[in-house]
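Mapping the sequence shown onto this note's numbering, position 224 (from 1) lands on 349, and the numbers just tick up by one. Glycine included, each C-beta is placed from N, C-alpha and C at the ideal position. If you're wondering where the values come from, they're calculated on a predicted model, not measured in any experiment. Working notes, structure below.
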Amino acid sequence: MFDKDDFTASQFQEAIDLANKSKIKCAYSIDSFELWFLLHFEYYDMALSREQYTDKLAEALGRPYRKNDDKMFDTLSDRLEVAIKNAKKLYAAQSKLPLARQNPVTTVFRLVEILYPSKPSPARQWFGEIGTIVTQTSDLVPTTVTVAMLLGHDLGDAAASELFSQQNALRDFTRSFFANRTADELTPVNEARLRREIMDILNTQYLSDAHIRDVIFTRLDVLESF
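Here's what the structure looks like:
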């Protein structure tokens, strides 16, 4: 397992070719291994510098990121399936390009799938009765936001009935949540944080007998108003 780091494209390609010739399987990241950590939180397909990875990870973790942090596995273990899914999606897109142009990309998921065979995911039930909400951001020049989302909870728990009984309140919450944010806060790079914030609010203020386990945006369009 290795990163491209500051090696040239030809040096990196040579290392992979040599490994393949020797029947050694590689797990590599371009440009850095921190991409794999970041994919535990959200999908990224933009090339970032090492400093940007550090900043993004600190924001996602809610604490400073330190290389060789011995608590990272425990911190990220619950998000492993998300990271694998995101890494596979990224690899599928980038692998169509010559290796020298693949950035970012990681194949660490291949190693992880060998070391930690996947377990069946908990059964989820999805609540989508909030519908599509249209509002405007809190910017000085407001931007129109159109959002629709699914709320995932454990199959058979009490969340469905609790959520259904509060449909109107949930619509008001959704409208207020997005109306109190700027357009910059609603960009794709912040999607994971938005999902976590929504889950935290719903679980602490709206649900008493069950918990939301996941939030999926089926639509999140931020368009300038003219």
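Taking DSSP as the reference, what is the three-state secondary structure of Leu143?
The residue labelled residue 143 in the question sits at position 18 within the sequence shown. The answer is helix: DSSP assigns Leu143 an H, G or I state.
For Leu295, I'd like the list of residues in its chain whose CB is within less than 6 Å of its CB, leaving aside the five on either flank, ordered along the chain.
Here residue 295 is taken as the residue at index 170 of the sequence shown, counted from 1. Result list for Leu295: Ile255, in chain order.
On the CB-based measure, 16 or more other CB atoms within 10 Å of its CB, does Leu240 come out buried or exposed?
Taking the first residue of the sequence shown as 1, we reach residue 240 at position 115. Counting Cβ neighbours within 10 Å, Leu240 comes out exposed, since fewer than 16 surround it.
Could you check which residue in Val230, Ala225, Ile209 and Met324 has the C-alpha nearest to that of Ala218?
Position 93 of the sequence shown, counted from the start, is the residue given in the question as residue 218. Checked all of Val230, Ala225, Ile209 and Met324; the closest Cα to Ala218 is Val230.
Taking C-beta to C-beta, are Ala317 and Glu139 nearer than 8 Å?
Here residue 317 refers to the residue found at position 192 of the sequence shown. Here residue 139 refers to the residue found at position 14 of the sequence shown. No.
Of the choices Tyr153, Arg306 and Arg188, whose alpha-carbon is the least far from that of Leu224?
In the sequence shown, counting from the first residue as 1, residue 224 sits at position 99. Checked all of Tyr153, Arg306 and Arg188; the closest Cα to Leu224 is Tyr153.
Per DSSP, His278 forms a beta bridge with which residues?
Start at 1 with the first residue of the sequence shown, and residue 278 comes out as number 153. Answer is Gln250 and Ile337, bridged to His278.
Selected residue, minimal CA-CA separation from Thr262, among Val237, Asp297, Arg306 and Asp279:
Here residue 262 is taken as the residue at index 137 of the sequence shown, counted from 1. Of the listed residues, the one whose Cα sits closest to Thr262 is Arg306.
Per-residue DSSP class, three states only, for Thr268
By one-based count along the sequence shown, residue 268 stands at place 143. Strand, per DSSP.
Would you list the residues sitting across from Arg344 in a DSSP beta bridge?
For the purposes of this step, residue 344 is taken as the residue at position 219 of the sequence shown. DSSP lists Ala273 as partners of Arg344.
Tell me the start and end of each unbroken alpha helix (DSSP H) in the stretch 133 to 206 that is at least 4 residues and wholly inside, in chain order.
134 to 146, 159 to 163, 175 to 186 and 197 to 201
Per-residue burial, Leu160 [other beta carbons within 10 Å of its own, 16 or more giving buried]
Position 35 of the sequence shown, counted from the first residue, corresponds to residue 160. Per the 10 Å Cβ criterion, buried.
My output table needs one value for Ile239: the three-state DSSP class, helix, strand or coil.
Counting from one through the sequence shown, the residue named residue 239 turns up at place 114. In the structure shown, Ile239 sits in a helix (DSSP, three-state: H, G or I).
Contact check, Arg191 vs Ile258, beta carbons under 8 Å:
Residue 191 sits at position 66 when you count from the first residue of the sequence shown. Residue 258 sits at position 133 when you count from the first residue of the sequence shown. Their beta carbons are not under 8 Å apart, which means Arg191 does not touch Ile258 by this criterion.
Reducing DSSP to helix, strand and coil, say where Ile255 ends up.
Here residue 255 refers to the residue found at position 130 of the sequence shown. Three-state DSSP puts Ile255 in coil, outside helix and strand.
Using beta-carbon positions only, say whether Arg344 and Thr271 come within less than 8 Å of one another.
Your numbering for residue 344 matches position 219 in the sequence shown. Your numbering for residue 271 matches position 146 in the sequence shown. Yes, the Cβ-Cβ distance between Arg344 and Thr271 is below 8 Å.
Do Met197 and Phe234 have their CB atoms nearer than 8 Å?
In the sequence shown, the residue the question calls residue 197 occupies position 72. In the sequence shown, the residue the question calls residue 234 occupies position 109. Against a cut-off of 8 Å, the Cβ pair of Phe234 and Met197 comes out as no contact.
Contacts around Ala304, its chain only, beta-carbon distance under 6 Å, and the 5 residues preceding and following it disregarded:
Position 179 of the sequence shown holds residue 304. Thr260.
Among Asp346, Ala283, Leu348 and Asp339, nearest to Val207 - alpha-carbon criterion:
For the purposes of this step, residue 207 is taken as the residue at position 82 of the sequence shown. The shortest C-alpha separation from Val207 is found at Asp339.
Quick one: measure Cβ to Cβ for Ala284 and Ile337, integer angstroms, because I've assumed they're closer than 8 Å.
Taking the sequence shown and counting its residues from 1, one reaches residue 284 at position 159. Taking the sequence shown and counting its residues from 1, one reaches residue 337 at position 212. Yes, Ala284 and Ile337 are in contact; Cβ-Cβ is about 7 Å, under 8 Å.
Separation of Thr269 from Val347, as counted between CA atoms
Your numbering for residue 347 matches position 222 in the sequence shown. Your numbering for residue 269 matches position 144 in the sequence shown. Cα-Cα distance, rounded: 6 Å.
Would you please verify whether the beta carbon of Leu205 is less than 8 Å from any beta carbon of chain B?
Absent from the structure: chain B. Only one protein chain is present.
Own chain residues within Cβ distance below 6 Å of Pro189, not counting five before or after:
As a working mapping, residue 189 is identified with position 64 in the sequence shown. Correct list, in chain order: Ala183.
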